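Residue numbers (my numbering): 135 to 334.
Cβ atoms here follow ideal geometry from the backbone N, Cα and C, with glycine treated the same way.
Quick caveat, the model's predicted, so the values are computed rather than measured.
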């Protein structure tokens, strides 16, 4: 399969489908749920900026650098089918069979619901079992302790820190913590993610 082929990944709690412009209003509502754009150390687009963000993601997809997904809840209840956020394959390098999972955010109402855990299971499964990746990266702001702890709980190993890596919208400089998972580590991580979902 081509690394950049749009694909829908479906679990029990969440589905990840290719981003389209028709998702803009739903993503804006998800961003507003918890005022995610105001959170420090994150880059969640504000509702009013979502159309530009979606256009940018689709342009980058056309250029062959990202594969963006929209996340929808599948668990039972009134929220079934609701857009809860997005996630992305970034820095895709087909010739080296590697990519990064990032630009992931979920509405506050969907957090701690198991949807993010299952999203990671679906994305990593696709990366290692379908695309035959040799490495999957995760990157986050060095100061984003919540994100770093979540990546470490996932089982990713620290590769290092890219200092003064990015200029943030507020003018500050971001040091980027880099983590990765390798193919031989995936079976144990897959088992742990499945255990967490079963234990919910």
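Endpoints, beta strand (DSSP E) assigned at residue i
i	result
residue 271	269 to 275
residue 149	148 to 152
C-beta atoms of residue i and residue j nearer than 8 Å
i	j	result
residue 180	residue 165	yes
residue 195	residue 201	yes
residue 320	residue 295	no
Extent of the continuous alpha helix (DSSP H) to which residue i belongs
i	result
residue 188	184 to 197
residue 251	249 to 259
residue 214	Element bounds for residue 214: n/a, residue is neither H nor E.
C-alpha distance - residue i paired with residue j, whole-angstrom precision
i	j	result
residue 249	residue 148	6 Å
residue 285	residue 313	8 Å
residue 204	residue 305	29 Å
residue 246	residue 229	36 Å
residue 137	residue 265	6 Å
residue 323	residue 288	7 Å
Coarse secondary structure for residue i, derived from DSSP in three states
i	result
residue 209	coil
residue 265	coil
residue 331	helix
residue 228	helix
residue 241	coil
residue 308	strand
Interface flag, residue i vs chain D, CB-CB below 8 Å
i	result
residue 139	Absent from the structure is chain D; it holds one protein chain and no more.
- prompt: Is the segment 243 to 258 touching the segment 292 to 300, taking contact as three or more C-beta pairs under 8 Å?
  reply: With a cut-off of 8 Å on Cβ pairs, the segment 243 to 258 is not in contact with the segment 292 to 300, counting fewer than three such pairs.
- prompt: Counting Cβ pairs, one atom from each stretch, are 3 or more of them under 8 Å apart for the segment 266 to 283 and the segment 231 to 238?
  reply: Verdict: yes, contact present.
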